[in-house]
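Colleague: The structure is given below, and queries will be raised subsequently.
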Amino acid sequence: MEIELFFLALIGFVAGVINIMAGGGSLLTLPMLIFLGLPPAIANGTNRVAILIQNVFSISGFRSKGINTFPYSIYFGLSAMVGAIIGAQIAIDIRGDLFNKILAVIMIFVVVYLVINRKTRTEDMIERITGKHLWLSLLLFFFIGIYGGFIQAGTGFLILLVLSGVNRFSLVKSNAIKVVVAFIYTISALSVFIINDQVNWKYGLVLSIGNALGGWFSSRWSVRKGDGAVKIFLIIMVSVMAIKLWFFTA
Numbered sequence: 002m003e004i005e006l007f008f009l010a011l012i013g014f015v016a017g018v019i020n021i022m023a024g025g026g027s028l029l030t031l032p033m034l035i036f037l038g039l040p041p042a043i044a045n046g047t048n049r050v051a052i053l054i055q056n057v058f059s060i061s062g063f064r065s066k067g068i069n070t071f072p073y074s075i076y077f078g079l080s081a082m083v084g085a086i087i088g089a090q091i092a093i094d095i096r097g098d099l100f101n102k103i104l105a106v107i108m109i110f111v112v113v114y115l116v117i118n119r120k121t122r123t124e125d126m127i128e129r130i131t132g133k134h135l136w137l138s139l140l141l142f143f144f145i146g147i148y149g150g151f152i153q154a155g156t157g158f159l160i161l162l163v164l165s166g167v168n169r170f171s172l173v174k175s176n177a178i179k180v181v182v183a184f185i186y187t188i189s190a191l192s193v194f195i196i197n198d199q200v201n202w203k204y205g206l207v208l209s210i211g212n213a214l215g216g217w218f219s220s221r222w223s224v225r226k227g228d229g230a231v232k233i234f235l236i237i238m239v240s241v242m243a244i245k246l247w248f249f250t251a
């Protein structure tokens, strides 16, 4: 049992790094929790414990490097929180196979966008954070919240796509906003799973140790390395996740 818990924490660390740098770490943690004997719905709920704690440490990591995301992270987070309540309720009873296929297509779009969009110089990145761009993002984050509450895996990719594509935040700042948004909507999603008794607290807290350490490390590292490193990591992880979702979904 001790060995299983050690590997669970180790997988959590790797997932924490992946979640902060790009997204998709839950593709590692969810199968691990199911392997340990948890039913899929409980594994889904248990994973949220680690996500919540991971983002607390990640927020601290970004703040320690002077990255300020207020107030937009709060606006987007509250919009996603409303959606997450709906998504988590759906997740209690419904499978997500078709939604995974749709997400795989979105992942490919993200890769194409990142590869084609080469204008990443600072003077080209004028943030669009008012008017129609703000309202469009709020609407999109509501739907992202629905998906995040439903299954979580891959939510980070969608958040980065909106923040970099619609609002033109840098990838580093987008990642900093992402962890605040994920923290806020995970509160509501986890609450739904708790109310429905779909959380294994022992595994959730062990997984949280790894996720938190991975999130702290990668949040600080991404700020030091800048957008270039984040972009390369993002392209790799998006491609891997798209293949996983399309060809290897049970």
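So for the sequence shown, the working numbering puts the first residue at 2; every next one is plus one. Note that CB positions come from ideal geometry on N, CA and C, so glycine has one too. Source: prediction; values computed, not measured.
Going by C-alpha to C-alpha distance, which of Leu135, Trp136, Ile93, Val173 sits closest to Ile147?
Modeller: Among Leu135, Trp136, Ile93, Val173, the Cα nearest to that of Ile147 belongs to Ile93.
Colleague: Let me know the secondary structure DSSP gives Glu3 once reduced to three states.
Modeller: Here Glu3 sits in helix by DSSP.
Colleague: Rounded to a whole number of angstroms, what is the C-alpha to C-alpha distance between Phe8 and Lys66?
Modeller: For Phe8 and Lys66, the distance between alpha carbons rounds to 30 Å.
Colleague: What does the Cβ neighbour count give for Leu140, buried or exposed, with the cut at 16 atoms within 10 Å?
Modeller: Exposed is the call here.
Colleague: Would you mind giving the Cβ-Cβ distance between Gly24 and Phe151, rounded to the nearest angstrom? I have them listed as a contact below 8 Å.
Modeller: With 8 Å as the limit, Gly24 and Phe151 do not qualify as a contact, their Cβ atoms being about 15 Å apart.
Colleague: Taking the C-alpha atoms as reference points, what is the distance between Thr121 and Val182?
Modeller: For Thr121, the pLDDT reaches just 48, beneath the cut-off of 50, and the residue's location in the model is therefore unreliable, leaving the point undetermined.
Colleague: For Thr121, which three-state DSSP category applies?
Modeller: In this predicted model, Thr121 has a pLDDT of only 48, less than 50, meaning its place in the structure is not dependable; the value taken from the coordinates is given anyway. Coil at Thr121, not helix or strand.
Colleague: Could you check if Thr131 is buried or exposed, using at least 16 other CB atoms within 10 Å of its CB as the buried criterion?
Modeller: Under this definition Thr131 is an exposed residue.
Colleague: Buried or exposed: where does Ala71 fall if 16 or more other Cβ atoms within 10 Å of its Cβ makes it buried?
Modeller: Looking at the sequence shown, residue 71 is not Ala but Phe. Exposed is the call here.
Colleague: Give me the residue from Ile75, Ile244, Ser219, Phe110 with the minimum Cα distance to Gly166.
Modeller: With distances taken between Cα atoms, Gly166 lies closest to Phe110.
Colleague: State buried or exposed for Trp136, treating a residue as buried only when at least 16 other CB atoms are found within 10 Å of its CB.
Modeller: Label assigned to Trp136: exposed.
Colleague: Can you round the beta-carbon distance between Ser209 and Met22 to whole angstroms, since I take them to be within the 8 Å contact cut?
Modeller: About 19 Å; that fails the 8 Å criterion.
Colleague: Count the other CB atoms within 10 Å of the CB of Trp217; is the residue buried (16 or more) or exposed (fewer)?
Modeller: Buried is the call here.
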